[in-house]
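The sequence shown begins at 2 in this note's numbering and counts up by one. Beta carbons are placed, not taken as given, at the ideal position from N, Cα and C, and that holds for glycine. On a predicted model such as this, the values are computed, not experimentally measured, just so you know.
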Amino acid sequence: MNTLQDITAALVAPGKGILAADESTKSANKRLAAVGIAETSEMRRVYREVFLTTPQIEKHLSGVILYEETFNDHIRSGVPFIDILNQKGILVGIKVDQGVMPFGAKELITDGLVGLPERLKVFKEKGAHFAKWRAVITIEGDELPTSENIHEHAVSLATYAKNCQEAGIVPILEPEVLLQGGHTRARAGEVITEVLQEIFVEIAAQGVDPEALIIKSSMAISGSDSGCKDTPEEVAEDTLSAFHNSIPEEVTGIVFLSGGQTAACVTANLQAIAERKEVMWQLTFSFARALQGEALVYWAGDDEKIAHAQDIFLKRLELVALARDGRYRSEMEEELQALL
Ligand code: 5MM
2 MNTLQDITAA LVAPGKGILA ADESTKSANK RLAAVGIAET SEMRRVYREV
52 FLTTPQIEKH LSGVILYEET FNDHIRSGVP FIDILNQKGI LVGIKVDQGV
102 MPFGAKELIT DGLVGLPERL KVFKEKGAHF AKWRAVITIE GDELPTSENI
152 HEHAVSLATY AKNCQEAGIV PILEPEVLLQ GGHTRARAGE VITEVLQEIF
202 VEIAAQGVDP EALIIKSSMA ISGSDSGCKD TPEEVAEDTL SAFHNSIPEE
252 VTGIVFLSGG QTAACVTANL QAIAERKEVM WQLTFSFARA LQGEALVYWA
302 GDDEKIAHAQ DIFLKRLELV ALARDGRYRS EMEEELQALL
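In structure tokens:
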């Protein structure tokens, strides 16, 4: 697998998707604390080990995105996490943004462009095949996001993507339109469209190859406070309509974040998206919470529960991979429920 296009195609290959195991220290600690696990580097290492050593994940995972702490770490027996993934034939990804900073009074921008080419060179030498940069976009009525914020995110994402391609690394561009808020599904679709359109303007301006990148998007769903319940068909319709209005045909793949949707809900939404026949891109998953959440709750830091927690993780992974191919049915949730 030599070219950036080969790696891009492998990451979004049919039947497979990506695990986002790249929560920053603060986010990982939050996930651990929520189930009563100590917020220590050792417990974060065990957390990674539980998921990345699960037998047979390679059947459904093309890639895993790591946080730098894990990228440079090893499992209990001393084998580096990178080697564990390589042995399974899973491509290694690295989160290279350095978190968020305030932008004006109410918005955020992403940090990490200073020194990025040098950091990418090191990650490449150590075995990274792909990278990820997350831009956080807030919806608040018609006021947010501002056009200035959208533009700044687009410039940063395109600059990051250009730096990655020059370093021989496939960039994943993640403009996360937050689920939080009282907005409608239509407003979410409108913002996703606007943000992606601006990103592709900057991608063209900076000479980024659209065939050697992956877009990681939110689905168009109603805000978490809106009280609306979207059907999977409505989510598929509005999400794909946003993509058709913003993403060029040359782009190989689009992956989804789960964004706080429940695992069952986001799996059903992915299934509805996969059922649509007019799609010209490969569409798959790149979830963190929706893949790991159920197993994490069961494990809760108890060594004796690791093997069964891995069964739960593998089952959710299987269901999501089936949905990615349009072969999931809601009755299959019973198989997972039986394990909980
Ligand atoms: C939106 O978060 C991304 C996908 O995770 P979910 O499926 O849970 O929504 C995820 O890759 C995220 O970018 C990383 O976990 C890093 O997030 P933080 O907040 O730690 O920088």
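Thinking C-alpha only, which one of the options is nearest residue i?
| i | options | result |
| --- | --- | --- |
| residue 142 | 35, 191 and 329 | 191 |
| residue 112 | 119, 146 and 134 | 134 |
| residue 233 | 177, 263 and 249 | 263 |
| residue 246 | 275, 139, 260 and 199 | 199 |
| residue 275 | 253, 238, 298 and 251 | 238 |
| residue 179 | 223, 21 and 149 | 223 |
| residue 145 | 168, 172 and 188 | 188 |
| residue 195 | 152, 227 and 236 | 152 |
| residue 92 | 120, 73, 71 and 66 | 66 |
| residue 128 | 286, 94 and 203 | 94 |
| residue 217 | 252, 277 and 293 | 252 |
| residue 220 | 212, 214, 243 and 211 | 243 |
| residue 341 | 321, 318 and 314 | 314 |
| residue 212 | 240, 166 and 45 | 166 |
| residue 117 | 68, 289, 168 and 320 | 168 |
| residue 287 | 311, 254 and 303 | 254 |
State the start and end residues of the unbroken alpha helix (DSSP H) segment that holds residue i.
| i | result |
| --- | --- |
| residue 135 | First-last for residue 135: 131-138, but that is the beta strand (DSSP E), not the alpha helix (DSSP H). |
| residue 33 | 26-35 |
| residue 301 | Segment: none, residue 301 is in no alpha helix (DSSP H) and carries neither H nor E. |
| residue 4 | No alpha helix (DSSP H) contains residue 4, which DSSP labels as neither H nor E. |
| residue 126 | 117-127 |
| residue 338 | 334-338 |
What residue does the beta strand (DSSP E) around residue i start on, and which one ends it?
| i | result |
| --- | --- |
| residue 215 | 215-218 |
| residue 19 | 18-22 |
The ligand GDP heavy atoms versus the CB of residue i: any closer than 6 Å?
| i | result |
| --- | --- |
| residue 110 | Looking at this structure, you won't find the ligand GDP anywhere; what it does contain is the ligand 5MM. |
*Ignoring anything shorter than 3 residues or poking outside the segment 236-291, list the beta strand (DSSP E) runs there in chain order.*
254-257 and 283-288
*Can you pull every residue whose C-beta falls closer than 5 Å to some heavy atom of the ligand 5MM, listed in chain order?*
21, 23, 24, 25, 28, 135, 177, 258, 259, 260, 288, 289 and 290
*Going along the chain, which unbroken runs of the alpha helix (DSSP H) with 4 or more residues stay wholly within the segment 47-112?*
69-72 and 82-89
*For the 8 Å Cβ check, are there 3 or more pairs between the segment 257-270 and the segment 5-12?*
no
_Validate contact between the segment 147-161 and the segment 200-208 using beta carbons, cut 8 Å, 3 pairs_ = Touching, yes.
*Count the C-beta pairs between the segment 8-21 and the segment 30-48 that are closer than 8 Å, then say yes if the count reaches three, no if not.*
no
*Is it true that the segment 99-108 meets the segment 73-90, where meeting means three or more beta-carbon pairs spaced less than 8 Å apart?*
no
*asked:* Could you tell me which whole alpha helix (DSSP H) segments of length 4 or greater appear in the segment 146-204?
replied: Within the segment 146-204, the complete alpha helix (DSSP H) runs of at least 4 residues are 148-167.
*asked:* Within 8 Å, do at least three Cβ pairs link the segment 87-106 to the segment 35-45?
replied: By the Cβ criterion, the segment 35-45 is not in contact with the segment 87-106, since fewer than three pairs of Cβ atoms, one from each stretch, lie closer than 8 Å.
*Three or more beta-carbon pairs under 8 Å between the segment 41-51 and the segment 279-288, yes or no?*
A contact is defined here as three or more CB-CB pairs under 8 Å, and the segment 41-51 fails this definition with respect to the segment 279-288.
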